[in-house]
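What follows is a single structure, written as structure tokens, with notes after it.
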Amino acid sequence: MAVSGRLTTHVLDTAHGTPARGMRIELLFVHGDHTHHIADSYTNADGRVDQPLLDEQQFQHGEFEIHFHVGQYFERIGVEIETPFLDVVPIRFTISEDKHYHVPLLVSPYGYSTYRGS
Numbered sequence: 004m005a006v007s008g009r010l011t012t013h014v015l016d017t018a019h020g021t022p023a024r025g026m027r028i029e030l031l032f033v034h035g036d037h038t039h040h041i042a043d044s045y046t047n048a049d050g051r052v053d054q055p056l057l058d059e060q061q062f063q064h065g066e067f068e069i070h071f072h073v074g075q076y077f078e079r080i081g082v083e084i085e086t087p088f089l090d091v092v093p094i095r096f097t098i099s100e101d102k103h104y105h106v107p108l109l110v111s112p113y114g115y116s117t118y119r120g121s
């Protein structure tokens, strides 16, 4: 049976009130007790990746993780953090429907939140 859907993300830097431009993002497929690397991308000026993390041809049901490299991002933009806290933020989620999944990240040097967007 053909599956139709896609996976997208974007990142907002809540400490500065701007999109998080240039953040590295990795997508992994979770298979039991290990993962398979699927994609590596960087956010654009709008805090989004230019192509879906999973397009309609790659889309499949299963368990995934998006790794957001927030520590590297804040260091690159010159944020001096006296006591570093976040480095890589992993968001693990399940794709179980043939729909558009949007998994955004709102992040500051000391906290983050996510949700299933549209």
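In our numbering, the protein residues as written are 4 to 121.
Ideal Cβ positions, reconstructed from N, Cα and C, are used throughout, including at glycine.
Computed from a prediction, not measured in an experiment: that's the story for all the values here.
To the nearest angstrom, how far is it from the Cα of residue i to the Cα of residue j?
i: F77; j: M26; result: 9 Å
i: T17; j: P112; result: 9 Å
i: R79; j: G35; result: 34 Å
i: R9; j: P87; result: 34 Å
i: I41; j: E83; result: 32 Å
i: L57; j: E85; result: 37 Å
i: V91; j: T97; result: 19 Å
i: Q54; j: S116; result: 23 Å
i: E29; j: H19; result: 23 Å
i: V52; j: Y118; result: 17 Å
Which residue from the options puts its Cα closest to that of residue i?
i: D101; options: G50, F62, E29 and H37; result: F62
i: T21; options: T11, Q60, L108 and F67; result: L108
i: L15; options: I84, A23 and A42; result: A23
i: Q60; options: S7, T117, V91 and S121; result: S7
i: G114; options: F71, Y104 and G81; result: F71
i: N47; options: G81, S121, H105 and T12; result: T12
i: S99; options: H64, R51, S121 and V52; result: H64
Mind checking which residues open and close the beta strand (DSSP E) that includes residue i?
i: T11; result: R9 to T11
i: V106; result: Element bounds for V106: n/a, residue is neither H nor E.
i: V33; result: R27 to H34
i: T117; result: G114 to T117
i: T38; result: H37 to Y45
i: D49; result: Where D49 is concerned, there is no enclosing beta strand (DSSP E), given that its DSSP letter is neither H nor E.
i: D101; result: Unbroken run through D101: none, as it is neither H nor E.
Tell me which same chain residues have a C-beta within less than 8 Å of the C-beta of residue i, skipping the five on either side of it?
i: T38; result: L31, F32 and E68
Among the residues of its own chain, which have a CB less than 6 Å from the CB of residue i, if the five just before and after it don't count?
i: Y45; result: G25 and R27
i: V73; result: L89, V92 and V110
i: E66; result: V33 and T97
Quick one: what's got a C-beta closer than 7 Å to residue i's C-beta in the same chain, skipping five residues either side?
i: Q75; result: R27
Open item on the list: List, from N- to C-terminal side, the beta strand (DSSP E) runs of 3 residues or more that fit wholly inside the region 54-95.
Closed with: As for any beta strand (DSSP E) of minimum length 3 sitting wholly inside the region 54-95, the runs are 65-72, ordered along the chain.
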